[in-house]
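Residue numbers (this note's numbering), protein chains in the order written: chain A, 760 to 1020; chain B, 407 to 797.
Here the structure comes first, spelled out in structure tokens, and everything after it is commentary.
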């Protein structure tokens, strides 16, 4: 079976700045890839290229057998890629429950005419969404379910991350991209997050995950495959141990002097 | 209960009582305001209203309790509302001025509900609602005058024409955002006004005169209405017509609000990038909001044209769009009831402040500012959606 995601020689330039420089990798179903690298290395840009926010300057992105290079981001979701954002972008003035229901947008169908003239169909679809959303919130760690009628903007930081993941799962993705999910979490919350991601993988064995992380404790928990990016280029890839001991990675993180010391 | 702390849910009996009493009280207050002639009467009533809003702001559970009561017994609520709306002209009697105010207020309520899809749900500052209103009025008036098309047939045609216009402004507008979007819509509004003013076939600045009154089952809307021996002035015909349109607008707004479409609009209001990441086609939903707005506004325009039987470009200026926008903001963005209250208040208040003659508009401004100081989020702010399972 071919890989779920294939990124082929993707380059993304903004004027003179090369944010992503000729990166290729592929990802199989049910696997986890951790992407590490210093700030500004191009990790989030890579996510934006995969999810169709940016059209790459060169290269191709293939997903599930189809070329999705330059496909608008709303269609990318439809095809099965969901994501979370580095600075969690919830719909703050809507309830927790509504946030998750909006995540199901691509999996619901009622159009304007259905809503206006066939209200029964639209209402049943919505009721099914509420049920599914409540199930997703119950499955999430923490007490999101109990807080489902709170405006999302009033949640604590850890809950905001959990809600973003629940919202991404609501679109029934084949691939989920998590952009620094542990940002702003304390140690206990980070451990809970790692447990959440592990549970996610056991519950959805087919789901692939790409994880951007700075917190090495999270990366260490998914050591099979780690990719390190610096200045837009892939400088190392392999198991966590191999990448960690790679001199170029140490140089990127600690600076040349420290690496040679 | 879920998030917000509120006292125990109302029981069925108290819900019925609350629903009926609240609506009767609201109707009585509206009647009192409409009947008030003297300056002090108007001020007293405004003071009472202000105090009511103060209580709502101070004790948020009051509005939770009221909303839950009304929602708990929907049949009673709807029946009471129907009795009040149907019975109001009988109480008003032969006072055609009050009926006129009510018709205009209802048409503005429809316009405000139309704009609410954009401004309230999706945060699209559209200043061209007045233009869609005008297009509805002119299309139907021209059809009736030149081709003798009946009122009932012009309604859908005008609405479709205005919806087309909505798409036409929507498509270039969705490339812009916020301030720039507002400028694009202002430009469209001004262009439409100028075109109406300069074309020959729209009657130029003189407008269109002699639009025939509609008739239904042989009853002309220009004739007084006879109901079981009660004689109501001819305005009552249009009052009921406008009321029917308000009901249609409420049902439309309610269905859209509680659907994935309303949620998608809310999502792009909160965060456009996050909305795209949920698979929402942002451009399409923006254009859709323009189209729905234009569709409903055109209905209001058609009824207005046939009601006053004379329209000119000055009925559909930029200022009309601004007024509609103020109604939505004062009443409460994305709250159907709030928007209607805003429309009634802003239609009736300037008339009632005539007692202050030259200072009328100054007073009007002060009252609105004071109300907004009491209720900064609008008189009836947006509420979180409640789904059946909330217990």
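Ideal Cβ placement from N, Cα and C applies to all residues, glycine included.
Whole angstroms is fine: what's the gap from residue i's alpha carbon to residue j's?
i	j	result
residue 654(B)	residue 987(A)	59 Å
residue 938(A)	residue 842(A)	7 Å
residue 417(B)	residue 913(A)	30 Å
residue 684(B)	residue 837(A)	9 Å
residue 784(A)	residue 865(A)	27 Å
residue 651(B)	residue 425(B)	23 Å
residue 789(A)	residue 520(B)	47 Å
residue 411(B)	residue 467(B)	Note that residue 411(B) scores a pLDDT of 41, beneath 50, so its modelled location is shaky; the value from the coordinates is reported in the next line. Distance between the alpha carbons of residue 411(B) and residue 467(B): 8 Å.
residue 983(A)	residue 969(A)	12 Å
residue 809(A)	residue 691(B)	24 Å
residue 855(A)	residue 971(A)	24 Å
residue 413(B)	residue 924(A)	Any reading at residue 413(B) is ruled out, since the residue's pLDDT is 48, under 50, leaving its predicted position unreliable.
residue 945(A)	residue 951(A)	10 Å
residue 790(B)	residue 908(A)	8 Å
residue 778(B)	residue 845(A)	37 Å
residue 724(B)	residue 664(B)	31 Å
residue 927(A)	residue 517(B)	37 Å
residue 1008(A)	residue 804(A)	19 Å
residue 784(B)	residue 852(A)	15 Å
residue 423(B)	residue 556(B)	44 Å
residue 721(B)	residue 786(B)	28 Å
residue 547(B)	residue 822(A)	55 Å
residue 511(B)	residue 767(B)	18 Å
residue 756(B)	residue 437(B)	16 Å
Can you tell which of the options has its C-alpha closest to the C-alpha of residue i?
i	options	result
residue 689(B)	573(B), 565(B) and 562(B)	573(B)
residue 619(B)	632(B), 637(B), 641(B) and 562(B)	641(B)
residue 515(B)	743(B), 565(B), 483(B) and 587(B)	743(B)
residue 569(B)	453(B), 695(B) and 583(B)	695(B)
residue 430(B)	611(B), 633(B), 490(B) and 539(B)	490(B)
residue 578(B)	566(B), 591(B), 567(B) and 585(B)	591(B)
residue 832(A)	813(A), 764(A), 904(A) and 819(A)	813(A)
residue 649(B)	456(B), 507(B), 587(B) and 666(B)	507(B)
residue 747(B)	755(B), 737(B), 754(B) and 741(B)	737(B)
residue 456(B)	718(B), 776(B), 635(B) and 565(B)	776(B)
residue 891(A)	903(A), 882(A) and 860(A)	860(A)
residue 792(B)	857(A), 1014(A) and 768(A)	857(A)
residue 717(B)	614(B), 545(B), 469(B) and 635(B)	614(B)
residue 724(A)	921(A), 930(A), 967(A) and 966(A)	Summary: the structure shown does not reach residue 724(A), with chain A confined to residues 760 through 1020, and so no result is reported for it.
residue 769(A)	995(A), 775(A), 818(A) and 868(A)	818(A)
residue 898(A)	806(A), 957(A) and 874(A)	957(A)
Give me the Cβ distance between residue i and residue j, rounded to the nearest whole Å; I'm assuming they're in contact under 8 Å.
i	j	result
residue 932(A)	residue 839(A)	5 Å
residue 974(A)	residue 1004(A)	19 Å between Cβ atoms; not a contact.
residue 848(A)	residue 680(B)	4 Å
residue 708(B)	residue 542(B)	5 Å
residue 978(A)	residue 793(A)	5 Å
residue 991(A)	residue 825(A)	About 26 Å separates the two Cβ atoms, so there is no contact after all.
residue 778(A)	residue 771(A)	5 Å
residue 820(A)	residue 828(A)	5 Å
residue 700(B)	residue 571(B)	6 Å
residue 727(B)	residue 595(B)	5 Å
Should residue i be flagged as near chain A, meaning a C-beta pair shorter than 9 Å?
i	result
residue 679(B)	yes
residue 556(B)	no
residue 672(B)	yes
residue 785(B)	no
residue 687(B)	yes
residue 792(B)	yes
residue 520(B)	no
residue 682(B)	yes
residue 413(B)	Only weak support is given to the placement of residue 413(B): the predicted model assigns it a pLDDT of 48, under 50, and the question is left unresolved by the model.
residue 741(B)	no
residue 778(B)	no
residue 478(B)	no
residue 569(B)	no
residue 481(B)	no
residue 561(B)	no
residue 665(B)	yes
Could you confirm whether any beta carbon from chain B is found closer than 9 Å to the beta carbon of residue i?
i	result
residue 813(A)	no
residue 939(A)	no
residue 845(A)	no
residue 935(A)	no
residue 867(A)	yes
residue 970(A)	no
Complete alpha helix (DSSP H) runs within the segment 933–988 of chain A (minimum length 4 residues, chain order): 946–962 and 975–980
Complete runs of the beta strand (DSSP E) confined to the segment 575–600 of chain B [at least 3 residues]: none
Secondary structure, alpha helix (DSSP H): runs of 4+ residues fully inside the segment 661–698 of chain B: 666–676 and 678–683
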